[in-house]
Structures are given as structure tokens and as C-alpha cells.
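Following this line, the structure appears as C-alpha cells:
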């Protein structure tokens with residue numbers, strides 16, 4: 035008897051506990067959503083906590099990934115229906131033939147290159163052995179670094195040999211403990227935590243590099259999903275919008291709700307939510323700006339010729355198409 | 147006579163294996179041609195080889211291969227030296243031997259990659275950490291095999307050696323090492339495999355700085371730029387290096403030693 039139990043226990047351990055009966059709801063309107071870590075994804079956490087998707091008749095399944103590249107793989111393999119990633123990972127997929135488009139803008143946040151070395155004042159001060167952490171090659175942070183390198187050092191790949199790939203929390207830990215890396219290209223709350231360390235400073239930020247604010251992430255869905263499940267698609271877009279608006283209108287309540295997710299106090303979370311440059315919005319900003327640079331630098335084969343190639347109708351409708359020259363909204367897409 | 151026959155059997159076996167691999171590659175190509183799977187997820191084999199060729203002629207891939215071999219050489223070399231020292235200690239002192247066995251029981255099941263977070267904290271990121279992970283991954287199978295091998299040499303053989311007047315280093319060289327050689331070879335094989343796994347895995351977890359990354363970093367980077375044929379290309383290179391080292395190093399040594407001494411049948 036004891037042996038039998040032991041054998042079963044071993045089998046169970048080996049199979050990773052697969053014998054536990056899985057509870058699965060077979061509802062038709064299940065929506066699998068891929069997010070990542072950080073303050074950027076606060077709308078997803080709010081939507082989850084407040085049951086916003088449920089209000090639209092959806093049954094959301096939440097999945098978290100460590101980088102836009104991983105979200106992209108989850109979307110391609112059909113593991114999730116919709117996901118959030120930076121514009122560069124989205125464009126790399128688009129370039130390689132993924133049949134997908136942007137469903138909504140998703141949050142504008144300050145992004146910056148922070149260093150723990152007071153002697154590094156600009157990109158020119160990086161020595162070959164000074165390492166810069168970015169979440170992954172091809173991530174928005176890597177592309178921003180390449181853009182800055184092209185402007186300041188003359189070549190987009192000038193700092194490619196300096197990069198190490200680290201998820202945001204690991205990068206922040208490494209920078210703060212001064213182990214191995216000299217700089218970290220990161221986003222809130224890691225950006226804010228690093229900047230509040232004594233002696234740490236910002237080398238360059240996203241607006242200096244790009245010229246104006248842009249969506250840090252975009253909501254991405256496949257054409258197939260858009261064509262086959264239009265009602266779910268539009269519920270998704272509206273639910274995300276509702277979560278955004280709730281954060282903007284209830285910053286204090288949002289801070290209280292989000293604080294445990296980040297292991298911060300509600301006061302600190304509120305400070306971060308109100309940090310200059312944070313903008314919880316689904317409006318499209320700078321959707322086209324990365325394409326041209328990425329094509330020139332060889333990260334993709336060609337840049338999208340028009341917004342129609344990379345955005346769904348609801349996004350196109352927001353941007354519009356002004357007769358007699360581009361409107362302000364059209365201009366900020368570049 | 148026997149040798150010749152063995153050679154024919156051996157060649158036939160190799161031919162069979164090569165034919166099987168060729169068949170599998172052609173099957174892959176045909177399957178990709180049917181278009182049942184999106185080419186993004188399942189690229190054509192021909193495409194993989196074309197990409198492999200471009201990467202090789204571009205020079206980057208070769209640089210990565212050299213770096214991988216260099217870093218594995220360091221990690222594995224250090225592991226072999228440490229293992230030799232530890233085993234010598236264990237052979238000399240029963241107390242130390244108990245300690246080593248306890249340590250082995252605790253640490254051997256731990257995959258090298260699992261200690262990576264700690265190694266990053268202690269040594270930072272970069273090649274030193276990768277060497278440390280390789281060292282940690284390959285040292286336990288090396289010690290285990292060395293230790294078992296040396297202890298499995300029959301006492302009668304050692305006594306015979308002593309009767310012939312062998313002592314100290316001469317005894318170790320003529321009796322103990324040859325006696326333990328099958329185990330040593332197995333230890334090296336397992337250590338080599340583990341070293342590869344560790345180096346690729348470590349580079350995929352935190353990458354390395356681009357200029358000094360090996361094949362793991364190559365595959366990792368290609369993954370993020372969605373160049374799936376090149377990801378397969380990187381894998382093929384790792385397989386080829388594995389095959390080459392197995393055939394040119396381990397088998398050659400095995401034929402010249404263990405098999406010539408009649409310690410193993412095949």
C-alpha cells in the first residue's frame with residue numbers, strides 16, 4: 035500500500051501534477067489576454083480586479099510574459115487571442131508575415147536610460163565593457179537605444195555589443211546592486227525606483243530620442259480574430275478603454291488597488307501614477323515613427339507605407355484622414 | 147579478419163544513420179511544402195540551410211561558435227581540474243570522501259541553470275558567470291564518474307601492481323587510471339553534454355553582451371527578430387559540433403584505449 039502511494043506520488047511529481055483535474059469553463063466568449071509586468075499594465079490589473087471584461091460578457095484568461103517577444107510568440111502560436119507589446123516587436127512580426135494589426139494604443143509612459151555610474155554623462159561615455167540592460171533584443175528599449183546611438187554616435191548598432199537581455203525586475207536589481215551592468219533602459223515603476231537611488235541619473239529619455247510621446251505598448255490582435263469574432267474584439271477594445279478611464283478618474287483608489295501588485299505602499303504607487311509623463315490612454319501616438327527607422331537600420335525589410343497596413347478600422351477612425359494635409363492627430367503618428 | 151568484419155558492420159551502421167537523417171530532412175522539407183503549417187513556425191529545411199550559409203559566410207556565426215567553444219573549454223577545463231583534485235582528496239581520506247559524496251548527493255540533481263540567479267548576484271553578468279554555470283553543471287558528473295571509476299578498480303589488480311613493484315604515481319598511471327578509464331570517458335562525455343546545455347541555457351536567460359556571446363546568444367537574438375530559419379541553423383551547428391566531437395575525440399580515444407584493452411564489447 036505504502037509503495038503504491040509512493041509510486042503514485044513519484045508519477046505525479048514527474049508529470050508535473052498533471053493528474054489534478056482541471057476545471058475548464060467551456061464558455062464561447064473566452065478571451066485569452068497576454069500582458070507583461072510593470073506599471074504599464076495597470077489597466078489590465080484594474081480590469082481584472084474590477085471584473086470589467088466580465089461586464090462586457092467576456093470571460094478573460096490572463097497570461098503574463100517577460101517580454102514583447104514572448105507575447106508575440108504566444109499570439110503566433112495561438113496561445114492567446116490578444117496581447118500587448120511595444121511597436122518594434124509588433125513591427126518585426128508584421129515584417130515576417132504575421133497577419134495582425136493594432137487594435138488600440140496602450141498607455142504612454144516615461145522610458146529612460148538610467149546609469150549607476152556618475153562618470154557616464156552621455157552615450158559617448160560608454161566603454162566597450164560597460165553593459166546596458168534591455169528586456170530583449172528588438173524590444174522598444176533596444177530600438178530606442180539604437181535610435182539614440184544613430185543620432186549621437188553615428189551608427190544604430192554602435193552599442194549593440196554592450197547590451198544584455200534582462201527582464202525589468204532583474205535589470206533593476208542588477209543596476210541597484212551595481213552587479214555587472216552600468217545602465218538599464220527601463221520603464222516605470224523600475225525607472226522611478228532607480229532614479230530615486232542616490233547617485234543614479236538619467237542619460238537620455240524617450241522624448242529626446244523620438245521627438246514626442248508615443249504609445250509604449252499597443253494592443254495587438256490577428257486579422258483572423260478581428261474577422262471571426264468582431265463582437266469580442268469590440269468588447270475588448272471598450273473594456274480596455276473603461277479600465278484606462280477608471281484609473282484616470284480614480285487615481286487614489288487605483289493606487290490602493292495596485293499597490294500590493296508591485297509590493298509598494300499606496301502612497302508610493304500614487305506618486306508613480308502621477309509622475310510626469312504618465313498617461314493612461316488608448317489613443318494612438320507615434321504608430322508609424324518606428325517603422326522607417328527600423329527599415330533603415332535593417333531590423334525589418336520595409337516600413338509600413340500607410341497606417342491601414344498596421345492598424346484596424348477603429349484606430350484608423352480615431353486618427354482620421356484630413357483633406358488638404360494631415361491633421362494634428364495624423365502628424366503625431368510619425 | 148575480425149577487425150575487417152567489424153569495420154564493415156561499423157560502416158554499414160554509419161550509412162544507415164546518415165540515410166535516416168537525410169530521409170528525415172527530406173520529410174521535413176516535403177511537410178513544409180504542403181503548407182499545412184505557417185512557414186513562420188515551420189520553415190522549409192532548404193530555407194534553414196540557405197540562412198545557415200548566409201550566417202556562416204557573414205562571419206558572425208563562426209565568431210559565436212569560437213566563443214562558445216572557448217567558454218566551454220574554460221568551464222569544462224576548470225571542472226576537470228577541480229574534479230581531479232577533489233577525487234584525489236577523496237581517495238586519500240575516507241572522511242573527505244564522505245563529504246564529497248554528501249555534497250554530490252545534494253548538488254548533483256540541481257541543474258546548473260538553477261544556480262544562475264545566485265551566480266549573477268555574486269559574479270555579475272557576462273562570461274565569468276557563464277563559465278561558473280558550466281563549471282557547476284559539469285563538475286558533478288565528472289566527480290561521480292571519477293570517484294566510482296577509481297573505486298571500482300579491483301583490489302586484486304592493485305595488489306598485482308604492488309607485487310610488480312609499482313608505487314605512487316606509477317601505480318596510479320599503470321593500474322588505477324586505465325582501470326577507471328571507461329568511467330572517466332563517460333564522465334567527460336556527460337560533462338561535455340552538460341557544459342553545452344549550461345552555456346546555451348545561460349546565454350538564453352540573460353544573454354551575454356553582444357560582442358562576447360556564444361551560440362545561445364545567437365539563437366536568442368534570432369528568436370527576438372523572428373528569424374526562425376536561423377534559430378534552426380544555430381541548433382544544427384550545435385548538433386554538428388556535438389557529432390564532430392563525439393566522433394573525432396571521444397570515439398577515437400575510446401577505440402585506442404578502452405576498446406583496445408578489451409574493456410568494452412562495442
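Residue numbers (the numbering used here), protein chains in the order written: chain B, 35 to 368; chain U, 147 to 412. All C-beta atoms, glycine included, are put in the ideal place defined by N, C-alpha and C.
When the distance is taken between beta carbons, is residue j closer than 7 Å to residue i?
| i | j | result |
| --- | --- | --- |
| residue 246 of chain U | residue 236 of chain U | yes |
| residue 312 of chain B | residue 243 of chain B | no |
| residue 170 of chain B | residue 208 of chain B | no |
| residue 234 of chain B | residue 196 of chain B | no |
| residue 99 of chain B | residue 222 of chain B | no |
| residue 316 of chain B | residue 358 of chain B | no |
| residue 141 of chain B | residue 251 of chain B | yes |
| residue 217 of chain B | residue 80 of chain B | no |
| residue 145 of chain B | residue 64 of chain B | no |
| residue 337 of chain B | residue 329 of chain B | yes |
| residue 253 of chain B | residue 125 of chain B | no |
| residue 129 of chain B | residue 259 of chain B | no |
| residue 94 of chain B | residue 87 of chain B | yes |
| residue 267 of chain U | residue 279 of chain U | no |
| residue 362 of chain U | residue 372 of chain U | no |
| residue 295 of chain U | residue 330 of chain U | yes |
| residue 139 of chain B | residue 249 of chain B | yes |
| residue 337 of chain U | residue 386 of chain U | no |
Taking all protein chains shown into account, do 16 or more other C-beta atoms lie within 10 angstroms of the C-beta of residue i, making it buried, or fewer, making it exposed?
| i | result |
| --- | --- |
| residue 407 of chain U | exposed |
| residue 379 of chain U | buried |
| residue 372 of chain B | Residue coverage of chain B in this structure runs from 35 to 368, which leaves residue 372 of chain B outside it and unanswerable. |
| residue 70 of chain B | buried |
| residue 395 of chain U | exposed |
| residue 409 of chain U | exposed |
| residue 210 of chain U | buried |
| residue 240 of chain U | exposed |
| residue 344 of chain U | buried |
| residue 308 of chain U | exposed |
With DSSP run on the structure shown, which of helix, strand or coil describes residue i?
| i | result |
| --- | --- |
| residue 150 of chain B | coil |
| residue 251 of chain U | helix |
| residue 195 of chain B | helix |
| residue 164 of chain U | helix |
| residue 188 of chain U | coil |
| residue 313 of chain B | strand |
| residue 282 of chain U | helix |
| residue 166 of chain B | strand |
| residue 349 of chain B | helix |
Please confirm if residue i has its CB atom under 7 Å from at least one CB of chain B.
| i | result |
| --- | --- |
| residue 186 of chain U | yes |
| residue 270 of chain U | yes |
| residue 367 of chain U | yes |
| residue 183 of chain U | no |
| residue 371 of chain U | yes |
| residue 393 of chain U | no |
Where do the N-terminal and C-terminal ends of the beta strand (DSSP E) with residue i fall, by residue?
| i | result |
| --- | --- |
| residue 311 of chain U | Unbroken run through residue 311 of chain U: none, as it is neither H nor E. |
| residue 218 of chain B | 217 to 220 |
| residue 134 of chain B | 134 to 140 |
| residue 365 of chain U | Unbroken run through residue 365 of chain U is the alpha helix (DSSP H), 361 to 370; no beta strand (DSSP E). |
| residue 252 of chain B | 251 to 256 |
| residue 246 of chain B | Counting along the chain, residue 246 of chain B falls outside any beta strand (DSSP E), and DSSP gives it neither H nor E. |
| residue 239 of chain B | 235 to 239 |
| residue 94 of chain B | 93 to 98 |
| residue 85 of chain B | Residue 85 of chain B -> no beta strand (DSSP E), and no H or E assigned at all. |
Going along chain A, which residues have a C-beta under 9 Å from residue i?
| i | result |
| --- | --- |
| residue 256 of chain U | Within the model displayed, chain A is absent; protein chains B and U are what it includes. |
Mind checking which residues open and close the alpha helix (DSSP H) that includes residue i?
| i | result |
| --- | --- |
| residue 65 of chain B | No alpha helix (DSSP H) contains residue 65 of chain B, which is instead part of the beta strand (DSSP E) from 64 to 69. |
| residue 220 of chain U | 206 to 238 |
| residue 290 of chain B | 285 to 296 |
| residue 344 of chain B | It is not in any alpha helix (DSSP H) - residue 344 of chain B carries neither H nor E in the DSSP assignment. |
| residue 328 of chain B | 323 to 330 |
| residue 182 of chain B | 174 to 187 |
Of all Cβ atoms in chain U, is any one closer than 7 Å to the Cβ of residue i?
| i | result |
| --- | --- |
| residue 130 of chain B | yes |
| residue 252 of chain B | no |
| residue 385 of chain B | In the structure displayed, chain B extends from 35 to 368; residue 385 of chain B sits before or after that span and is not available. |
| residue 353 of chain B | no |
| residue 55 of chain B | Because the pLDDT at residue 55 of chain B is just 43, under 50, the model does not fix this residue reliably, and the point stays unresolved. |
| residue 58 of chain B | With a pLDDT of 46 at residue 58 of chain B, under the threshold of 50, the predicted position of this residue should be treated as unreliable, though the coordinate-derived value follows. Not one chain U Cβ lies under 7 Å of residue 58 of chain B. |
| residue 126 of chain B | yes |
| residue 168 of chain B | no |
| residue 171 of chain B | yes |
| residue 214 of chain B | yes |
| residue 139 of chain B | no |
| residue 198 of chain B | yes |
| residue 103 of chain B | yes |
Is residue i a contact residue of the ligand PLP, with contact defined as CB to any heavy atom under 6 Å?
| i | result |
| --- | --- |
| residue 80 of chain B | Absence of the ligand PLP is noted for the structure shown, with no ligands found whatsoever. |
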